[in-house]
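Right, one structure below, let's go through it.
Number of protein chains: 2
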Amino acid sequence: MVQIGAMMKREPLPPAPAFQPLYRQIKALLTEGLATGEWRPGEPIPSEIELAHRYKVSQGTVRKAVSELASENVLVRRQGRGTFVATHAHVGTQLSFLRITPDGEAVRDLEPTLIDLRRQRADAAAAGLLGLAAGASLIRLRRTLAINGRCVVFEEVRLPAERFRGLDIATVTAHGCLLYSLYESAFGVKIVAGSERVKAVCADADTAQRLCVQPGAPLLQMERVAYTYGEIPVELRRGFCDTRMHHYANDLG
Amino acid sequence: MVQIGAMMKREPLPPAPAFQPLYRQIKALLTEGLATGEWRPGEPIPSEIELAHRYKVSQGTVRKAVSELASENVLVRRQGRGTFVATHAHVGTQLSFLRITPDGEAVRDLEPTLIDLRRQRADAAAAGLLGLAAGASLIRLRRTLAINGRCVVFEEVRLPAERFRGLDIATVTAHGCLLYSLYESAFGVKIVAGSERVKAVCADADTAQRLCVQPGAPLLQMERVAYTYGEIPVELRRGFCDTRMHHYANDLG
DNA sequence: GAGTGGTCTAGACCACTCA
DNA sequence: GAGTGGTCTAGACCACTCA
Numbered sequence: 001m002v003q004i005g006a007m008m009k010r011e012p013l014p015p016a017p018a019f020q021p022l023y024r025q026i027k028a029l030l031t032e033g034l035a036t037g038e039w040r041p042g043e044p045i046p047s048e049i050e051l052a053h054r055y056k057v058s059q060g061t062v063r064k065a066v067s068e069l070a071s072e073n074v075l076v077r078r079q080g081r082g083t084f085v086a087t088h089a090h091v092g093t094q095l096s097f098l099r100i101t102p103d104g105e106a107v108r109d110l111e112p113t114l115i116d117l118r119r120q121r122a123d124a125a126a127a128g129l130l131g132l133a134a135g136a137s138l139i140r141l142r143r144t145l146a147i148n149g150r151c152v153v154f155e156e157v158r159l160p161a162e163r164f165r166g167l168d169i170a171t172v173t174a175h176g177c178l179l180y181s182l183y184e185s186a187f188g189v190k191i192v193a194g195s196e197r198v199k200a201v202c203a204d205a206d207t208a209q210r211l212c213v214q215p216g217a218p219l220l221q222m223e224r225v226a227y228t229y230g231e232i233p234v235e236l237r238r239g240f241c242d243t244r245m246h247h248y249a250n251d252l253g
Numbered sequence: 254m255v256q257i258g259a260m261m262k263r264e265p266l267p268p269a270p271a272f273q274p275l276y277r278q279i280k281a282l283l284t285e286g287l288a289t290g291e292w293r294p295g296e297p298i299p300s301e302i303e304l305a306h307r308y309k310v311s312q313g314t315v316r317k318a319v320s321e322l323a324s325e326n327v328l329v330r331r332q333g334r335g336t337f338v339a340t341h342a343h344v345g346t347q348l349s350f351l352r353i354t355p356d357g358e359a360v361r362d363l364e365p366t367l368i369d370l371r372r373q374r375a376d377a378a379a380a381g382l383l384g385l386a387a388g389a390s391l392i393r394l395r396r397t398l399a400i401n402g403r404c405v406v407f408e409e410v411r412l413p414a415e416r417f418r419g420l421d422i423a424t425v426t427a428h429g430c431l432l433y434s435l436y437e438s439a440f441g442v443k444i445v446a447g448s449e450r451v452k453a454v455c456a457d458a459d460t461a462q463r464l465c466v467q468p469g470a471p472l473l474q475m476e477r478v479a480y481t482y483g484e485i486p487v488e489l490r491r492g493f494c495d496t497r498m499h500h501y502a503n504d505l506g
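Residue numbers (the working numbering), protein chains in the order written: chain A, 1 to 253; chain B, 254 to 506.
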């Protein structure tokens, strides 16, 4: 099976150009406010006019900064109501990182089930991907995902113990094993982006049993690095999906 | 193996709201000019000031329309030079629809090889996906793709014969089997978007041989519907990839 | 009706490209 | 230096939400 360490970091950003427009500076200030928790997921940020006064720029410049963050799904604008920090707390957005869909129908129901949770040391690969020292403490949890009543995904998640101090089985189950919502509400860690690597692999004995497939059956393997504000990596994930009646959906262009 | 007919059409657009802002009307006019070939891939469109005069709106309104098309990779802005119609003719953009990457390195070299090309009748599923009458004439071609010298993808492409009248082996090989570039230059069909469904499947005997894997080995199956301007479907594709040393890359969020 | 984001304009000036 | 897209402003008015 392919090592999760075979994943690469997200492409580094190109070197910042000498000239930085005002709206990008405003965007950086807004991102800072989000990262420090000044505005929390689900909450409104100040109105454009108020932000314009605060930063001493025109409303148009604020708009441009906010628009970029909205196009990255970091903020959500609602005409007539305000601009809100995106959140994984709502049912609709819980699915935004799940690309697995049943072949003929929509996702009606999602039921994650925790298998186990334990501490482990980061190997060199995991440490590198998470920007930690080798041997740093990780939390590893495993779960299955049933879609519309059918168990089709088995995944292993690794988190830096530092940032998720105190995470235990009780906390996870209390949140119904909805991880991104849990990270947000219990640890102030908002997942905003991820990069995935997908492969076809053969089911090993353990995974086969958990997904009720034959050992050796083809499974879709998904490896993910997930990022919080500022492209900081905070979660590693490797999942296996039985794609006989489901698929990984992706739009190009 | 899953039928390509199991694919679904792209989500239909939500019903157009009663209120349509000016810049969307401008965007529609620009899209029309692109679809009719007034401006062809690689060519510049008129400057923003000129378009503003033509459509009798402000430059800002033109900018907003152009910006949306640029964010959809339909147009490409180049500061100081102008705004250009996106094209598959350049090496960089030829890869924009290819999500397969070698595990440890970048794609340095891409070598497609045509296997065969023939006419066939559309089955109900293909006709439905392409918006054709059942039994309409299709062109089916098959090819392999070598990445950095290693043959890892085998794919079958189906096209409506009507729109690609006269497409034959000589034309394809003359273009080095670079399909999207060929569609563009020889048929005026610019591919601008696609939706894919990815699964893990077992290699059948024929595919296994073409990719030099064991029959039954796990392969990544990619099914695609590709669209030209205005979300018109114009190509069906099904590919298989040996992912032992390659992966399907995808960014989330 | 007050407050929000959304659209549109006109105009100034900047960054960049190319002859 | 002329022409392009990129930024920024100020201000008017519109669409929408909510009390």
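We put the beta carbon where it would ideally sit given N, CA and C, even for glycine.
*Under a three-way DSSP split, which group does Asp-495 (chain B) fall into?*
Along the second sequence, one-based indexing puts residue 495 (chain B) at 242. When secondary structure is reduced to three states using DSSP, Asp-495 (chain B) falls in the coil class, being assigned neither helix nor strand.
*Could you give the DSSP three-state label for Tyr-229 (chain A): helix, strand or coil?*
Walking along the first sequence from the start, residue 229 (chain A) turns up at place 229. Correct three-state label for Tyr-229 (chain A): coil.
*How about Asp-251 (chain A): is its C-beta nearer than 9 Å to some C-beta of chain B?*
Taking the first sequence and counting its residues from 1, the one referred to as residue 251 (chain A) is at position 251. So, interface residue.
*Of the choices B:Pro-413, B:Gln-462, B:Arg-450 and B:Gln-347, whose alpha-carbon is the least far from that of Gly-579 (chain B)?*
With chain B running from 254 to 506 in the structure shown, residue 579 (chain B) is simply not present.
_Same chain, Cβ closer than 7 Å to Met-245 (chain A), five either side skipped, listed in chain order_ = In the first sequence, counting from the first residue as 1, residue 245 (chain A) sits at position 245. When the five nearest sequence neighbours on each side are left out, the beta carbons in the same chain lying within less than 7 Å of the beta carbon of Met-245 (chain A) are those of Pro-102 and Asp-103, in order along the chain.
_Span of the alpha helix (DSSP H) around Thr-366 (chain B)_ = Within the second sequence, numbered from 1, the residue matching residue 366 (chain B) stands at position 113. No alpha helix (DSSP H) contains Thr-366 (chain B), which is instead part of the beta strand (DSSP E) from 363–374.
*9 Å Cβ cutoff, Phe-155 (chain A) in contact with chain B*: Working through the first sequence from its first residue, we reach residue 155 (chain A) at position 155. Sequence inspection shows Glu at residue 155 (chain A); the Phe mentioned does not correspond to that position. For Glu-155 (chain A), the closest Cβ of chain B is not nearer than 9 Å.
*Just how far apart, CA to CA, sit Glu-32 (chain A) and Leu-283 (chain B)?*
Sequence index remark: in the first sequence, residue 32 (chain A) carries index 32 (1-based). Sequence index remark: in the second sequence, residue 283 (chain B) carries index 30 (1-based). Rounded to the nearest angstrom, the gap between the Cα atoms of Glu-32 (chain A) and Leu-283 (chain B) is 38 Å.
_C-alpha gap between Phe-84 (chain A) and Glu-50 (chain A), whole angstroms_ = Taking the first sequence and counting its residues from 1, the one referred to as residue 84 (chain A) is at position 84. Taking the first sequence and counting its residues from 1, the one referred to as residue 50 (chain A) is at position 50. The alpha-carbon of Phe-84 (chain A) is positioned some 14 Å away from that of Glu-50 (chain A).
*If you run the structure through DSSP and keep just helix, strand and coil, what is Gly-5 (chain A)?*
What you label residue 5 (chain A) is simply residue 5 of the first sequence in a count that begins at 1. Note that Gly-5 (chain A) scores a pLDDT of 35, beneath 50, so its modelled location is shaky; the value from the coordinates is reported in the next line. DSSP, read as helix, strand or coil, puts Gly-5 (chain A) in helix.
_Under 8 Å, with one C-beta from each stretch per pair, do the region 153–160 of chain A and the region 64–71 of chain A reach the 3-pair mark?_
With the cut-off at 8 Å, the region 153–160 of chain A and the region 64–71 of chain A do not touch.
*Stretch pair the region 367–377 of chain B + the region 417–427 of chain B: three plus CB contacts closer than 8 Å*: These segments touch.
*Could you check where the beta strand (DSSP E) with Val-153 (chain A) kicks off and where it finishes?*
For the purposes of this step, residue 153 (chain A) is identified with residue 153 of the first sequence, where counting begins at 1. Boundaries of the beta strand (DSSP E) harbouring Val-153 (chain A): 150–160, taken from the DSSP string.
*Beta-carbon proximity list for Val-310 (chain B), same chain, < 7 Å, skipping 5 on both sides*: The residue given as residue 310 (chain B) occupies position 57 in the second sequence. By the criterion of a C-beta distance shorter than 7 Å, Val-310 (chain B) is surrounded in its chain by Leu-275 and Ile-279, once the five residues flanking it on both sides are discounted.
*Is Gly-135 (chain A) near Arg-121 (chain A), with beta carbons less than 9 Å apart?*
Taking the first sequence and counting its residues from 1, the one referred to as residue 135 (chain A) is at position 135. Taking the first sequence and counting its residues from 1, the one referred to as residue 121 (chain A) is at position 121. In this structure, Arg-121 (chain A) lies closer than 9 Å to Gly-135 (chain A) by Cβ.
*With a CB to CB cut of under 8 Å and the five nearest residues on each side skipped, what residues in its chain are close to His-247 (chain A)?*
Taking the first sequence and counting its residues from 1, the one referred to as residue 247 (chain A) is at position 247. Only Ile-100, Thr-101 and Asp-103 meet the Cβ criterion.
*Express the C-alpha separation of Cys-202 (chain A) and Arg-81 (chain A) in angstroms, rounding to a whole number.*
Your numbering for residue 81 (chain A) matches position 81 in the first sequence. Your numbering for residue 202 (chain A) matches position 202 in the first sequence. Straight-line spacing of the CA atoms in Arg-81 (chain A) and Cys-202 (chain A) works out to 50 Å.
*Proximity to Gln-332 (chain B) [Cα-Cα], best of B:Tyr-308, B:Pro-297 and B:Asp-362*: Taking the first residue of the second sequence as 1, we reach residue 332 (chain B) at position 79. Ranked by how close their Cα comes to the Cα of Gln-332 (chain B), the residues B:Tyr-308, B:Pro-297 and B:Asp-362 have B:Pro-297 in first place.
*Give a yes or no on whether 9 Å exceeds the smallest Cβ distance from Asn-73 (chain A) to chain B.*
As a working mapping, residue 73 (chain A) is identified with position 73 in the first sequence. Asn-73 (chain A) has a beta carbon lying within less than 9 Å of a beta carbon in chain B.
*Do the region 477–486 of chain B and the region 380–395 of chain B make contact, defined as three or more Cβ pairs closer than 8 Å?*
They touch, by the three-pair rule.
_Give me, in chain order, the residues of the same chain whose beta-carbon lies closer than 8 Å to that of Arg-316 (chain B); leave out the 5 immediate sequence neighbours on both sides._
On the second sequence, residue 316 (chain B) is found 63 positions in, with the first residue counted as 1. These residues qualify, in order along the chain: Glu-301.
*Cβ of Cys-404 (chain B) within 9 Å of any chain A Cβ*: As a first step, residue 404 (chain B) is located in the second sequence; it is residue number 151 there, counting from the start. It does not: the Cβ of Cys-404 (chain B) has no partner Cβ on chain A nearer than 9 Å.
*asked:* Is Cys-494 (chain B) close to chain A? Criterion is C-beta to C-beta, closer than 9 Å.
replied: Indexing the second sequence from 1 puts residue 494 (chain B) at position 241. At least one C-beta of chain A is nearer than 9 Å to the C-beta of Cys-494 (chain B).
*asked:* In the DSSP output, what is Ile-392 (chain B) paired with across the bridge?
replied: The residue given as residue 392 (chain B) occupies position 139 in the second sequence. Looking at the DSSP assignment, Ile-392 (chain B) forms a beta bridge with B:Arg-372 and B:Leu-412.
*Could you give the residue range of the beta strand (DSSP E) that holds Lys-254 (chain A)?*
This structure cannot speak to residue 254 (chain A), because chain A is shown only from 1 to 253.
*Mind pulling the chain B residues with CB within less than 8 Å of Phe-97 (chain A)?*
In the first sequence, counting from the first residue as 1, residue 97 (chain A) sits at position 97. Going along chain B in sequence order, the residues near Phe-97 (chain A) (Cβ under 8 Å) are Leu-505 and Gly-506.
*Between the region 168–202 of chain A and chain B, which residues of the former have CB atoms less than 9 Å from a CB of the latter, in chain order?*
Only those residues of the region 168–202 of chain A whose C-beta falls short of 9 Å from the nearest C-beta of chain B are listed: Ile-191, Val-192, Ala-193, Gly-194, Ser-195, Glu-196, Arg-197, Val-198, Lys-199, Ala-200, Val-201 and Cys-202.
*Starting from Gly-82 (chain A) and walking both ways along the alpha helix (DSSP H), at which residues does that stretch end?*
As a working mapping, residue 82 (chain A) is identified with position 82 in the first sequence. Premise fails: Gly-82 (chain A) lies in the beta strand (DSSP E), 82–85, not in any alpha helix (DSSP H).
*Could you check where the beta strand (DSSP E) with Ile-100 (chain A) kicks off and where it finishes?*
By one-based count along the first sequence, residue 100 (chain A) stands at place 100. Boundaries of the beta strand (DSSP E) around Ile-100 (chain A): 100–102.
*Assign Val-189 (chain A) to buried or exposed, taking buried as 16 or more other Cβ atoms, counted over all protein chains shown, within 10 Å of its Cβ.*
What you label residue 189 (chain A) is simply residue 189 of the first sequence in a count that begins at 1. So Val-189 (chain A) counts as buried.
*State the start and end residues of the unbroken beta strand (DSSP E) segment that holds Leu-75 (chain A).*
Taking the first residue of the first sequence as position 1, residue 75 (chain A) is located at position 75. In the DSSP assignment, Leu-75 (chain A) falls within the beta strand (DSSP E) that extends over 75–78.
*What are the residues that DSSP puts in a beta bridge with Arg-237 (chain A)?*
In the first sequence, counting from the first residue as 1, residue 237 (chain A) sits at position 237. For Arg-237 (chain A), which the question treats as bridged, DSSP gives the partners A:Val-157 and A:Arg-224.
*Burial state of Glu-184 (chain A), where buried means 16 or more other Cβ atoms lie within 10 Å*: Locating residue 184 (chain A) in the first sequence gives position 184, where the first residue counts as 1. It counts as buried.
*With 16 as the cutoff for other CB atoms within 10 Å, does Phe-417 (chain B) come out buried or exposed?*
By 1-based counting over the second sequence, the position of residue 417 (chain B) is 164. Around the CB of Phe-417 (chain B), 16 or more other CB atoms lie within 10 Å, so the residue is classed as buried.
*How would you label Glu-291 (chain B), buried or exposed, when you count the other beta carbons within 10 angstroms and need 16 or more for buried?*
As a first step, residue 291 (chain B) is located in the second sequence; it is residue number 38 there, counting from the start. By the neighbour-count criterion, in which a residue is buried when 16 or more other Cβ atoms sit within 10 angstroms of its Cβ, Glu-291 (chain B) is exposed.
*For Thr-426 (chain B), which residues of its own chain have a beta-carbon under 7 Å away from its beta-carbon, when the five flanking residues on both sides are left out?*
In the second sequence, residue 426 (chain B) corresponds to position 173, counting from 1. Same-chain partners within the cutoff: Leu-367.
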